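In the working numbering, the protein residues as written are 76 to 250.
Positions of the beta carbon are idealized from the N, C-alpha and C atoms, including for glycine.
What you are looking at is a predicted structure, and each value in this text was computed from that prediction instead of being measured.
Data block below; observations after.
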Ligand SMILES: [Zn+2]
């Protein structure tokens, strides 16, 4: 199951852009780094319910939700009207700056459309797409069609040998 989760994982944290996020907000359908996971936890489960890859048990429904929403689709809603001058934090930004950004987005809801609801997922069906098989779920993750228009993909992040050694077996891009 964990391999299936990692196969669906985003390359970067939805909130600060740090590489290889290992946490998620199930509520929001986004992938998070360790720091942003902590900030989401401090906001509370009424806004964002978090989970860790590898430590927590995942239900097929939760994996389905993460595949269906994901960082890009979530950003197209939660960041749809970020002011041009707004300074978005990056991986090297201070904690306070990142926390303000996260609270502005999901708690104060400053940048999302007033007239539409957050991304939802189609009804999960037990027999359909999600299973425990690594190879199958990787293929399915690649084929999964989002109903939203895609944003421009991020450029591939620089590689480092240490990272590849630790995570290489999980992050093989489907061909
Ligand atoms: Zn982050």
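Any chance you could list the residues with Cβ under 5 Å from a heavy atom of ligand 1, keeping chain order? Listed by position in the chain, the residues whose beta carbon lies within less than 5 Å of some heavy atom of ligand 1 are 88, 90, 91, 93, 108, 111.
So, is residue 88 buried or exposed, given that buried needs 16 or more other C-beta atoms within 10 angstroms? Classification of residue 88: buried, given that the 10 Å Cβ count is 16 or more.
Give every residue of the same chain whose Cβ lies closer than 7 Å to the Cβ of residue 166, excluding the five residues on either side of it in the sequence, and list them in chain order. Result list for residue 166: 91, 92, 93, in chain order.
If we ignore side chains and look at the alpha-carbon of each, how far apart do residue 136 and residue 164 end up? Straight across, the Cα-Cα distance linking residue 136 with residue 164 is about 31 Å.
Following a CB-centred definition, is residue 128 positioned closer than 8 Å to any heavy atom of ligand 2? Looking at this structure, you won't find ligand 2 anywhere; what it does contain is ligand 1.
Taking residue 78 as the reference, which of 107, 110, 132 has the closest Cα? Closest option to residue 78, Cα to Cα, is 132.
Terminal residues of the alpha helix (DSSP H) in which residue 152 lies: Run containing residue 152: 145-153, per the alpha helix (DSSP H) assignment.
What is the rounded straight-line gap between the Cα of residue 173 and the Cα of residue 111? One C-alpha to the other measures close to 8 Å.
Is the beta carbon of residue 144 less than 9 Å from the beta carbon of residue 194? Yes, the Cβ-Cβ distance between residue 144 and residue 194 is below 9 Å.
Within a Cβ cutoff of 8 Å, which residues of the same chain sit near residue 101, ignoring the five residues on either side of it in sequence? So the qualifying residues of the chain are 124, 125, 126, 137, 140, 141.
Unbroken stretches of the beta strand (DSSP E), 3 residues or longer, contained in the segment 81-167: Within the segment 81-167, the runs of beta strand (DSSP E) at least 3 residues long that lie entirely inside it are, in chain order, 98-100, 105-107, 125-127.
Among 104, 95, 82, 85, which has the Cα closest to the Cα of residue 153? Considering only alpha carbons, the answer is 104.
By the three-class DSSP mapping on this structure, what secondary structure does residue 190 have? In the structure shown, residue 190 sits in coil (DSSP, three-state: anything other than H, G, I, E or B).
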